[in-house]
Every structure is written in C-alpha cells, then in structure tokens.
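Novice: Throughout, my numbering is defined as the position within the sequence shown, counted from one, plus 44.
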Amino acid sequence: MVVTSRRSTLAGQLLALQLVVIVVVLVAIAALSVAQSAATFDRVEGRRVAALAEQLADNPLVRTQLAQPAPGETLAPLVQTIRTQSGVTSVTIADADGIVVSSTDPLLTRGRLPLGSAGVADGRSWSGELRLNGSLELVAQVPVLGAEPQNLGRQLGVVVIGEASPTLQQRALDASSHLAIYLGLASVVGLLGSWLLARRIKRQTLGLEPREIAGLAEHREAMLYGIAEGVIALDPHDRVTLVNAVGLRLLDLPEECVGATLTELGVEGRLGEVLTGGARDEVVLRRGRVLVLNRMSVTKDGRRLGSVTTLRDRTELAQLEREMGSFRSSTELLRAQAHEFANQLHTISGLIQIGEYDEVVQYVEALADHRESLDLTLTSRIQDTAVAALLMAKSAQAAERRVRLRISERTALGRLEPDDAADIATVVGNLVDNALDAAAVTDGAWVEVELRQDTSTVEIVVRDSGPGIAPELAQEVFARGFTTKAAEGGERGIGLALTRLVCQRHGGEVSVANTPEGTMFVARLTVGAPAPGRAPVDA
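#1: Around the C-beta of GLN62, are 16 or more other C-beta atoms found within 10 angstroms, so that it is buried, or is it exposed?
#2: Does GLN248 get closer than 8 Å to chain B when you measure Cβ to Cβ?
#3: In angstroms with no decimal places, state the Cα-to-Cα distance between VAL302 and ALA541.
#4: Using three-state DSSP, classify GLY350 as helix, strand or coil.
#5: Please determine, among ALA456, GLY551, PRO254 and ALA114, the residue with the shortest C-alpha to C-alpha distance to ARG154.
#6: With 16 other CB atoms within 10 Å as the buried threshold, where does VAL65 fall?
#7: Relative to the alpha-carbon of VAL511, which residue among ASP498, PRO560 and VAL471 has its alpha-carbon at the smallest distance?
#8: What residue does the beta strand (DSSP E) around ALA567 start on, and which one ends it?
#9: Can you find the residues in the same chain that come closer than 7 Å, C-beta to C-beta, to LEU553, ignoring five residues on each side of it along the sequence?
#10: Look up ILE513 in the DSSP assignment and say whether it is helix, strand or coil.
#11: Going by DSSP, which residues form a beta bridge with VAL342?
#12: Rounded to a whole number of angstroms, what is the C-alpha to C-alpha distance between ALA242 and ARG358?
#13: For my contact list, ILE137 and VAL233 are in at a C-beta cut-off of 8 Å; report their separation, rounded to the angstrom.
#14: State the DSSP-derived secondary structure class of GLN427, mapped to helix, strand or coil.
#15: Can you tell me where the alpha helix (DSSP H) holding GLN124 begins and where it ends?
#16: Between the alpha carbons of VAL132 and ALA79, how many angstroms are there, rounded?
#17: Where do the ends of the alpha helix (DSSP H) carrying GLN185 lie?
#18: Quick check on LEU260: buried or exposed, where buried means 16 or more other Cβ atoms within 10 Å of its Cβ?
#19: What ranges does the beta strand (DSSP E) occupy inside the stretch 277 to 303, keeping only unbroken runs of at least 3 residues that lie completely in it?
#20: Which partner residues does ILE451 have in the DSSP bridge list?
#21: What is the rounded straight-line gap between the Cα of SER169 and the Cα of PRO187?
#22: Could you tell me which residues DSSP puts in a beta bridge with VAL318?
#23: Return the chain-ordered list of same chain residues with a C-beta closer than 6 Å to the C-beta of GLY534, the five sequence neighbours on each side being excluded.
#24: So is THR343 buried or exposed if we call it buried at 16+ other beta carbons inside 10 Å?
#25: Pairs of beta-carbons, one from the stretch 481 to 489 and one from the stretch 429 to 438, closer than 8 Å: are there three or more?
#26: Suppose you measure from the CA of SER81 to the CA of SER171; what does that come to, to the nearest Å?
#27: Are the beta-carbon atoms belonging to GLY310 and VAL290 less than 8 Å from one another?
#28: Looking at the secondary structure, which residues open and close the beta strand (DSSP E) in which ASP508 lies?
#29: Pick from THR543, ARG175 and LEU319: whose alpha carbon is nearest that of ASP467?
#30: If you draw a straight line from the C-alpha of ALA484 to the C-alpha of ASN338, how long is it?
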C-alpha cells in the first residue's frame, strides 16, 4: 500500500506564513520591550540608589564612626534600618582601606569591597552594575568624607547601596504581563485574516491551488510552443498578452512585445484591422508572407476579455498554386479546345448531312485562317513559349465564356529565363482570370493583354470591359487578397495577393485603376537579361 503525503492547501500555507510573521513580530516587540524595561530600570533605580548612597555617606553617624576603632557594631543597626526602609537589596560600608566594616550581606563583612571604578578610591562617585558575592546588582558607590577639623575633606571610606538586577524572564514579565493575551489575539486575527484572504484568492484563481496553477502554466507553454500555427492574444485595449514563437516569426514582432499595443509595434493597416476586429479565414500579406488569420473574441459573463487569433502561413501553398498554374492552364486549354472542336465537328457534320459541301469547305478554311491568325499573332509578338501557351489557353477559356481575348498591337516579349517566365506567367494568369470574371457579366465583353519589355523590366497591362472596382477597395484589393469576384461577393482569395507577392519579389509593384471602358491592372517586374540570341521584340 502506497501512502501519499497530502500537500498543504493555499489556506494552510497562508495561515502558516501569517503565524510565522506574527511570531516574528511578537518576538521583536518582546525584545524591544525587554530592552526598554532594562533601560528604564537602570535609569530609575540608578537614580534611587545613588540618592540613597549620597544620603548615607552624608549621615553624621557614618562620618564620625568610620574614624573610630571598630565602627561595625555602631553602624550595623543603621545599615539594616536603611535596607528595610528603602527596600534595596544590599547596603554596605567599607573603611578607607576598602575593608567592609558593615553590610546587610554577612559574607561581605571583613572582606575587601570590589570597586566599580578606580576613581572611587580617589574620592569620586560611581554607579553601574557590579557583581557582589555572586549576585549582579545595580549599585552606587559614594565616598565618605571627614567632617571633623582633624580629618576634614579626607576620605574615610565608601558607602555602597545595591539593587538586584532582574533576570531576563523577570524583565519580560515586567515589560508585558499580557504578552500571552496579545499572542492569542494576534493568532485569532491571523487565522481569520488568512482564511478570508485564502477565500478571496481562491475566487480569483477559480478555486485552483498554486501547484495546479503552475501545472496549467506549464501545459500552456508546452501547447503554445508545440503547435505549428502562430497564436497571438490581445486584451480589450489591443495590448499583446501572449504570443508564441511561430506568431513572432510570422508577424515579424520583437521578442519583448508582450504588454505593448499593436500601434506601438507598428502593426497597422489591414493586419491591424483583422487582429482587432476580423472574422474567420482573413487573408493578409505581411512582410512577403501570405497569412490566413482566424480571430475569435473571448468573453465571460458578458464581459469582453480580449481576443485570440491563430495564424497560418499559406506562402508555400501559394507557391504550389503558382507551380500548378501551368498544369491547370494546360488542362483548361485541352478542355476548352475539346469543347470548341466538338461544336465545330457538329457544325461540319450538319452541313454534310444537308449536302452543303461548298459551305463545309468554306467553314473549314475560315477556321484554319482564324487559328493561323491567332497562332501567328502570339508567336510573332510573344516569343516566350510558356507565356504564349498560357495566353493560348486563356484565349480558349475566354471564347468558351463569350469573352473576346485580344493581344495589344504594342505587345512585345522576348524569351525569358525559366524562373522569370514562370513568375510572368503567374502574374498574367491571375490578372487575366480576374479580368475574365469581371468582364463576363457585361455585353460585348472583352479583355486586352499588353506585354512590354525593355532590358531589365517587363510591364504587364490587362484591361477589361467589366464594371470596375469600388474606389474604397482600390487601395486594399491586393492587401486583402481579393479576386475580382471576391470584391463583389465578399469571398477571400489569394490570386491578387500572390500577384503582388511575385511583383515585390522581383522589385516591382502592381496597381489597379478604373478607366472609361472598365478596369486596368498594371504590373511591373524586374527580370534578368534575355536569353542569348533571343533579344526582345521591339514594340
């Protein structure tokens, strides 16, 4: 059988601590009281024994008898009388040689009187503690001076009056006879106070004991720093109360950010809005990262305690989406072309069935001319095969959605490095997709793409016949991660956010503006030198 020791509760610990404090305070008070009592005894009793000694030394009987032979018998009654009347412990008289001639303590008689100071033998008075016959006394030693003409002013002896010094226990009892009562009252008050304090602390800590609170803190630290997502908590005044290591890295915050407000940390704009009042799955750009924020307000009993926001890094996912864009474009191209070819075959089949063979020939020739014209336009103006193939795919998609995709006559793009070509294709694909979504809702829809290149820069201009973008969204459309449809319906995406991210990585930027015909997106990217032997085509 295993016996587990029961740990003391918070109330027990507070009680023990309070009792220790009370005992320490009482001991200190008792020590001060004893010291004060000793000082008072020395002052009061010292004055009294000094006065009695001076009176005895000035007594005519003492001054005359000390000069006579055998003065002890004559002075003994006087010594006993003074002791009885004054209540002192001892009264002693010694002659000029320091030999005790009379004393209330018989053991001192005929012995040498111990002097408290050498000055006493020279006629000076002294008072203080002195051990007489093994007993510590507060004594006063006063010289006896002669009064007769033959011994006038000569020291005849010494008078000593002593009062026994009280012991430490006696002084403690004298200092505070009610010390036990005080201790009892203090203990009762301490018990009551510690119980009330423990109840208050338990209410504030939800009834948890200190070891349980410490365990929760350890578990919280392990959980916060063990998860892969970022976590940041704010109080009602938008001060950071908690943030884990992933959150610090994703938001690029200093390690000493706890306690600072978002404004002090430089978190403003769209990110600040989401952290202080955003909803679920908000897409935000922060220092070159695509972040998805999920904020939840924390309330208790109708009182707002703050908010907790989790952060997920979708930058790598956005990169994967960019890499998959080429495969998706190829798939869409094949699907759109298959749909287009199926319609054309149905038309040819119908003409053959009704016997219009000449019409069949003319229709096939028209299709061949249109395809040749489109291929010639793309290949003559866009020499990079990746971008040309992408626009070919977008052309088929546009035709399927009854949108005319045209290439501007000012377009001129040479061969690019593979990495640059992939990024250019990503930007063109995202901007064209948004333009197609916006233009498809209008009559006579069209989208125009213009690509211009110089020695170090590629400029991409995409115009559409759509309804345009609301002015209040024009400055935030990229930071919010809207697509064109999201700007209308409120859904969030990362198409335009990824576009800005790619442009910024290449030292460029992307902007949007409304035109009389619709909307125009302009993106600029810095690229490497064209491949050898493949100079860009002049505009």
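All C-beta atoms in this analysis are idealised placements derived from N, C-alpha and C, irrespective of residue type, glycine included. All values reported here derive from a predicted model rather than from experimental measurement.
Specialist: In short:
#1: Classification of GLN62: buried, given that the 10 Å Cβ count is 16 or more.
#2: Although the question refers to chain B, the structure presented lacks it and comprises just one protein chain.
#3: If you take the alpha carbons of VAL302 and ALA541, they lie about 29 Å apart.
#4: Assignment of GLY350 by DSSP, reduced to helix, strand and coil, places it in the strand class.
#5: Among ALA456, GLY551, PRO254 and ALA114, the Cα nearest to that of ARG154 belongs to ALA114.
#6: So VAL65 counts as exposed.
#7: For the record, residue 511 in the displayed sequence is Pro; it is not Val. Nearest C-alpha to PRO511 among ASP498, PRO560 and VAL471: PRO560.
#8: Note, ALA567: beta strand (DSSP E), 563 to 570.
#9: One detail in the question is off: residue 553 reads as Glu in this sequence, not Leu. The beta carbon of GLU553 is closer than 7 Å to those of CYS547 and ARG568 in its chain, skipping five residues each way along the sequence.
#10: The three-state secondary structure of ILE513, taken from DSSP, is coil.
#11: DSSP links VAL342 through a beta bridge to GLY350.
#12: For ALA242 and ARG358, the distance between alpha carbons rounds to 49 Å.
#13: Contact check for ILE137 and VAL233: beta-carbon distance about 56 Å, past the 8 Å limit, so the pair fails to qualify.
#14: DSSP, reduced to helix, strand and coil, places GLN427 outside both helices and strands of the structure shown, so it counts as coil.
#15: Its alpha helix (DSSP H) spans residues 116 to 130.
#16: The alpha-carbon atoms of VAL132 and ALA79 are separated by roughly 22 Å.
#17: Here GLN185 belongs to no alpha helix (DSSP H); instead the beta strand (DSSP E) covers 179 to 189.
#18: Residue environment: LEU260 is assigned as exposed (fewer than 16 neighbouring CB atoms within 10 Å of its CB, all protein chains considered).
#19: Within the stretch 277 to 303, the complete beta strand (DSSP E) runs of at least 3 residues fall at 284 to 287.
#20: According to DSSP, which records beta bridges pairwise, ILE451 is partnered with VAL493.
#21: So the two alpha carbons sit approximately 6 Å from each other.
#22: Beta-bridge pairing by DSSP links VAL318 to no other residue.
#23: Below a pLDDT of 50, predicted positions are generally treated as unreliable, and GLY534, at 38, falls in that range; the measurement from the model is reported next regardless. Non-local beta-carbon contacts of GLY534 in its own chain, meaning distances under 6 Å to residues more than five positions away in sequence, are absent.
#24: Classification for THR343: exposed.
#25: Result no; under three Cβ-Cβ pairs closer than 8 Å.
#26: Each residue's Cα considered, the two are about 18 Å apart.
#27: Taking the C-beta atoms as reference points, VAL290 is found no nearer than 8 Å to GLY310.
#28: Boundaries of the beta strand (DSSP E) harbouring ASP508: 501 to 508, taken from the DSSP string.
#29: Distance check between ASP467 and each of THR543, ARG175 and LEU319 places THR543 closest, using alpha-carbon atoms only.
#30: About 32 Å.
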